[in-house]
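Below is one structure, written out as structure tokens, with a few remarks after it.
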Amino acid sequence: MQFTRRDTLVMGAGAAVATFMPLQVFADATEDVSAEFAMGEAITDGGVELTAPEIAENGNTVPISVNAPGAVAVLILATGNPSPKVIGFNFGPRAGGQTASTRCRLAGTQDVVALAKMADGSVKRASATVKVTIGGCGG
Amino acid sequence: MKKFTLSATVAASLALFAGAATAQVTDALVVEGTTISTSAPAADWLDIDQVLSGWSFRTVETRALQMDDFDNPGMIFVDQAIDDWSTVDGTEGKSCSSCHTDGPEEFAGLRAELPRWDEAQGKMMNMEDYINLSRVEHMGAEPWKWAKPRMDAMVALISLQSRGMTINVAIDGPVADAWEQGREIYYTRVGQLDMSCANCHEDNYGNMIRADHLSQGQINGFPTYRLKNAKLNSTHARFSGCMKNIRAEPFAVGSEEFRALELYVASRGNGLSAEGPSVRN
Amino acid sequence: MADNVKPRVRVPRSAAAGEAFEIKTLISHKMESGQRKDSDGNPIPRSIINHFSCDFNGENVIQAALEGAISTNPYIQFEASVEESGTFTFTWQDDDGSEYTDSKDITVG
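Protein chains in written order, with my numbering: chain A, 3 to 141; chain F, 7 to 287; chain C, 14 to 122.
This is the structure:
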């Protein structure tokens with residue numbers, strides 16, 4: 003799928019708008035999804051590692067990886083996207099480690115969050131800010 | 007790097023470029039055991055000292071995508087072309103593999119020489135020309151449109167056979183006129199932004215144009231998988247995109263002008279390695 | 014079924030029992046996010062791979078729930094560890110109900 007300049011502008015506008023007034027809308031969406039994942043448990047920082055580029059050359063394909071030793075499930079969220087969920091992982095008995103990588107779309111510069119649910123039900127969080135650049139010729 | 011001569015029109019476009027040059031990497035690009043030269047001494051007719059692959063200008067994450075064939079999404083399309091290679095099409099009941107029984111490997115080295123003069127055809131040929139020649143003359147099939155997925159994928163599959171080989175495009179003899187025409191296009195300012203290829207890719211490579219690290223605009227890695235549109239991009243499609251970006255009316259894909267420009271730009275990369283399908287932003 | 018969907022999987026041919034190793038998967042798919050509009054301004058319906066799973070000899074390695082924010086040609090990399098020789102099976106589920114599968118054998122010992 004190919005995002006045209008117009009799409010990117012619209013998505014970018016969404017991200018820009020999010021920075022100001024309806025910040026609440028996206029923040030609420032991220033909070034709602036996080037709360038649903040946490041199932042009433044408190045979310046604490048640390049214990050999960052999120053790797054994302056500081057600067058993404060193109061928001062269309064951003065490599066991200068998560069490493070959450072001891073986790074049973076991981077949820078990755080893009081807090082500035084129109085819909086925050088990116089991908090959820092469930093690790094089975096044959097997993098060699100609680101680690102996974104993928105490539106995602108980011109609508110603009112924003113925080114990416116990884117939530118990890120541990121075997122005891124506790125929930126860990128890591129986040130990373132990714133700057134999404136705009137092509138030189140607006141192309 | 008050549009000095010940027012300041013004039014009224016240039017001053018406007020100069021505002022696009024950031025002051026300080028950002029260093030390009032000099033890491034080695036090794037893919038599946040093949041070493042790819044990402045820099046080489048420039049030809050003596052060039053105003054730059056060194057030619058550099060576009061790979062050198064990308065971020066560590068983008069560069070990594072090209073260092074492993076599995077991570078390189080361009081290889082998806084190579085797989086699709088492998089399927090097409092043995093798919094019968096046309097009135098003769100043939101596929102590529104009917105004649106080319108040794109597989110696409112038969113074409114090792116071809117990409118590094120293209121575009122080139124073909125005596126039998128009496129004209130300059132590039133990869134798309136050769137693919138369509140086979141389709142029409144030998145398979146009795148419809149020619150593929152240029153800059154479309156099936157064509158770009160087949161160009162990628164055949165280009166891959168030359169990966170790591172040194173680009174060595176001839177610029178004299180029967181192609182001399184086309185090369186001269188290509189050089190003329192390269193240095194001619196066009197479009198509302200009044201810019202030539204050289205303004206960005208010769209005078210300002212290594213500088214930032216807004217948030218983008220300008221490369222030398224080399225085509226040794228084409229077709230290239232771009233993160234931006236998540237597909238293979240052909241040389242002519244990229245030329246067209248560049249011209250639109252400077253608000254110029256692009257020449258047509260497959261036109262005489264773009265063929266000439268392809269020859270000239272390809273020859274600017276003599277000494278680099280064939281890289282396609284590469285990965286760019 | 015979406016056009017030109019082709020899975021690619023990389024699994025080592027052999028591994029030591031209990032040792033973690035990397036598996037890479039990639040499938041060609043446009044991953045239409047549902048966020049875009051066509052040239053007439055009408056929303057383009059979502060059409061993505063929404064689920065991926067990898068199993069080994071009937072036991073699960075990993076499952077993934079993919080959303081519209083996953084890039085075109087979804088790439089997923091993870092680790093597995095096995096105690097015996099056997100077969101990995103990979104399944105991708107499309108919004109349109111199609112299922113794409115691949116499998117790879119591994120030798121332990």
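A virtual CB, placed ideally from N, CA and C, is assigned to each residue, including glycine. Values in this document were obtained by computation on a predicted structure and should not be read as measured data.
Chain-ordered chain C contacts of A:Ile45 [CB-CB under 7 Å] = As a working mapping, residue 45 of chain A is identified with position 43 in the first sequence. Neighbours of A:Ile45 on chain C: none; closest Cβ ~19 Å, over 7 Å.
ask   = Out of curiosity, what's the CA-to-CA distance linking A:Thr81 and A:Leu108?
value = Mapped onto the first sequence, residue 81 of chain A falls at position 79. Mapped onto the first sequence, residue 108 of chain A falls at position 106. So the two alpha carbons sit approximately 9 Å from each other.
ask   = Is C:Glu25 buried or exposed, if buried means 16 or more other CB atoms sit within 10 Å of its CB?
value = Here residue 25 of chain C corresponds to residue number 12 of the third sequence, with the count starting at 1. In the sequence under discussion, the amino acid at residue 25 of chain C is Pro, which differs from the Glu named in the question. Its Cβ having fewer than 16 others within 10 Å, C:Pro25 is exposed.
Burial state of F:Ile225, where buried means 16 or more other Cβ atoms lie within 10 Å = One-based indexing of the second sequence puts residue 225 of chain F at position 219. Result: buried.
key: Local Cβ density within 10 Å of C:Ala30, reported as buried at 16 or more and exposed below that   = Taking the third sequence and counting its residues from 1, the one referred to as residue 30 of chain C is at position 17. It is exposed - the Cβ of C:Ala30 has fewer than 16 other Cβ atoms within 10 Å.
task = Give a yes or no on whether the minimum CB-CB distance between F:Ser284 and chain C is below 7 Å.
result = By 1-based counting over the second sequence, the position of residue 284 of chain F is 278. Closer than 7 Å: no.
request  = Entirely within the stretch 105-134 of chain F and at least 3 residues each: give me those beta strand (DSSP E) ranges in chain order.
outcome  = Within the stretch 105-134 of chain F, the beta strand (DSSP E) runs of at least 3 residues that lie entirely inside it are, in chain order, 122-124 and 129-131.
query = Can you name the residues that DSSP bridges to A:Thr81?
reply = Position 79 of the first sequence, counted from the start, is the residue given in the question as residue 81 of chain A. A:Thr81 is not bridged to any residue.
task = Count the C-beta pairs between the stretch 100-120 of chain A and the stretch 60-75 of chain A that are closer than 8 Å, then say yes if the count reaches three, no if not.
result = yes
ask   = What residues are listed by DSSP as bridge partners for F:His219?
value = As a working note, residue 219 of chain F is residue 213 in the second sequence. F:His219 pairs with F:Met214.
message = Against chain A, which members of the stretch 64-85 of chain F pass a CB distance test of less than 7 Å?
response = Arg64, Thr65, Glu67 and Thr68
query = Rounded to the nearest angstrom, how far is the Cβ of F:Ile88 from that of F:Leu163, given a contact under 8 Å?
reply = Counted from its first residue, the second sequence places residue 88 of chain F at position 82. Counted from its first residue, the second sequence places residue 163 of chain F at position 157. Taking the Cβ atoms as the reference, F:Ile88 lies roughly 6 Å from F:Leu163, within the contact range of under 8 Å.
key: For C:Trp105, the first and last residue of its enclosing beta strand (DSSP E)   = Counted from its first residue, the third sequence places residue 105 of chain C at position 92. Note, C:Trp105: beta strand (DSSP E), Gly99 to Asp107.
query = Name the residues in the stretch 84-98 of chain C whose C-beta lies less than 8 Å from a C-beta of chain F; which are they?
reply = Ser84, Thr85, Asn86 and Tyr88
task = Using a Cβ cut-off of 7 Å (strictly closer), state whether F:Ala280 contacts chain C.
result = One-based indexing of the second sequence puts residue 280 of chain F at position 274. No, because no Cβ of chain C sits closer than 7 Å to the Cβ of F:Ala280.
inquiry  = Rounded to whole angstroms, what is the Cα-Cα separation between C:Ala78 and C:Asp68?
reply    = Within the third sequence, numbered from 1, the residue matching residue 78 of chain C stands at position 65. Within the third sequence, numbered from 1, the residue matching residue 68 of chain C stands at position 55. Roughly 15 Å separates the two Cα atoms.
ask   = Where do the ends of the beta strand (DSSP E) carrying F:Gln56 lie?
value = Here residue 56 of chain F is taken as the residue at index 50 of the second sequence, counted from 1. Boundaries of the beta strand (DSSP E) around F:Gln56: Gln56 to Leu58.
ask   = Anyone know if the C-beta pair for C:Tyr88 and C:Val18 falls short of 7 Å?
value = Translated into the one-based positions of the third sequence, residue 88 of chain C becomes position 75. Translated into the one-based positions of the third sequence, residue 18 of chain C becomes position 5. No. Outside cutoff.
query = Which term fits A:Ile78, buried or exposed, when burial requires 16 or more other beta carbons within 10 angstroms of its beta carbon?
reply = As a first step, residue 78 of chain A is located in the first sequence; it is residue number 76 there, counting from the start. Buried: at least 16 other Cβ atoms inside 10 Å.
query = If you drop the 5 nearest sequence neighbours on each side, which residues of the same chain put their C-beta closer than 8 Å to that of F:Met81?
reply = Position 75 of the second sequence, counting from 1, holds the residue named residue 81 of chain F. Contacts found: Asp75 and Pro283.
query = Can you tell me whether F:Val84 is buried or exposed, with buried defined as 16 or more other CB within 10 angstroms of its CB?
reply = By one-based count along the second sequence, residue 84 of chain F stands at place 78. Under this definition F:Val84 is a buried residue.
message = Counting only Cβ pairs nearer than 7 Å, list the residues of chain F close to A:Ile57.
response = For this step, residue 57 of chain A is matched to residue 55 along the first sequence. Identification of chain F residues near A:Ile57 by a Cβ-Cβ cut-off of 7 Å yields Thr65, ordered along the chain.
inquiry  = Tell me the rounded alpha-carbon separation between A:Met23 and A:Asp30.
reply    = Within the first sequence, residue 23 of chain A is the residue found at index 21, counting from 1. Within the first sequence, residue 30 of chain A is the residue found at index 28, counting from 1. Per-residue confidence for A:Met23 stands at a pLDDT of 45, beneath the threshold of 50, marking its modelled position as unreliable; no derived number is given.
query = Quick one: Cα of C:Asp118 to Cα of F:Asp200, how far?
reply = For the purposes of this step, residue 118 of chain C is taken as the residue at position 105 of the third sequence. For the purposes of this step, residue 200 of chain F is taken as the residue at position 194 of the second sequence. Spanning the two alpha carbons is a distance of roughly 58 Å.
key: Positions along the stretch 69-89 of chain A whose CB lies within less than 7 Å of some CB in chain B   = Among the protein chains in the structure shown, which are A, F and C, there is no chain B.
query = Where are the alpha helix (DSSP H) runs, 4 residues long or more, that stay fully inside the stretch 54-103 of chain F, in chain order?
reply = 66-71 and 80-91
query = Rounded C-beta distance between F:Ile42 and F:Glu281? I'm assuming under 8 Å.
reply = Start at 1 with the first residue of the second sequence, and residue 42 of chain F comes out as number 36. Start at 1 with the first residue of the second sequence, and residue 281 of chain F comes out as number 275. Yes, F:Ile42 and F:Glu281 are in contact; Cβ-Cβ is about 6 Å, under 8 Å.
query = With distances taken from CA atoms, which of F:Ser221, F:Val161 and F:Ser103 is nearest F:Trp61?
reply = Residue mapping note: residue 61 of chain F aligns to position 55 of the second sequence, counting from 1. For F:Trp61, the closest of F:Ser221, F:Val161 and F:Ser103 by C-alpha to C-alpha distance is F:Ser221.
query = Which residues in the same chain have their Cβ closer than 6 Å to the Cβ of A:Lys133, if we skip the five residues on either side of it in sequence?
reply = Residue mapping note: residue 133 of chain A aligns to position 131 of the first sequence, counting from 1. The answer, listed in chain order, is Ile57 and Thr111.
A:Glu38 - DSSP class collapsed to helix/strand/coil = Along the first sequence, one-based indexing puts residue 38 of chain A at 36. If DSSP states are grouped into helix, strand and coil, A:Glu38 belongs with the helices.
ask   = Got a sec, what are the start and stop residues for the alpha helix (DSSP H) F:Ser273 sits in?
value = Position 267 of the second sequence holds residue 273 of chain F. Note, F:Ser273: alpha helix (DSSP H), Glu262 to Arg274.
request  = Determine the extent of the alpha helix (DSSP H) in which F:Pro155 is found, giving its start and end residues.
outcome  = Numbered from 1 along the second sequence, position 149 holds the residue referred to as residue 155 of chain F. Counting along the chain, the alpha helix (DSSP H) containing F:Pro155 begins and ends at Pro155 to Leu166.
key: Cut-off 6 Å between Cβ atoms - residues of its own chain near C:Gly110, not counting five sequence neighbours on either side   = Here residue 110 of chain C refers to the residue found at position 97 when the third sequence is read from its first residue. Once the five neighbours on either side are set aside, C:Gly110 has no close Cβ partner at all.
message = To the nearest angstrom, how far is the alpha carbon of A:Phe91 from that of C:Ile75?
response = Numbered from 1 along the first sequence, position 89 holds the residue referred to as residue 91 of chain A. Numbered from 1 along the third sequence, position 62 holds the residue referred to as residue 75 of chain C. Taking the straight line joining both Cα atoms gives about 7 Å.
First through last residue of the beta strand (DSSP E) which encompasses F:Ser246 = Counted from its first residue, the second sequence places residue 246 of chain F at position 240. Not the beta strand (DSSP E): F:Ser246 falls in the alpha helix (DSSP H), residues Thr241 to Asn251.
task = For A:Glu59, name the three-state secondary structure that DSSP assigns.
result = The residue labelled residue 59 of chain A in the question sits at position 57 within the first sequence. Reduced to three states, the DSSP call for A:Glu59 is coil.
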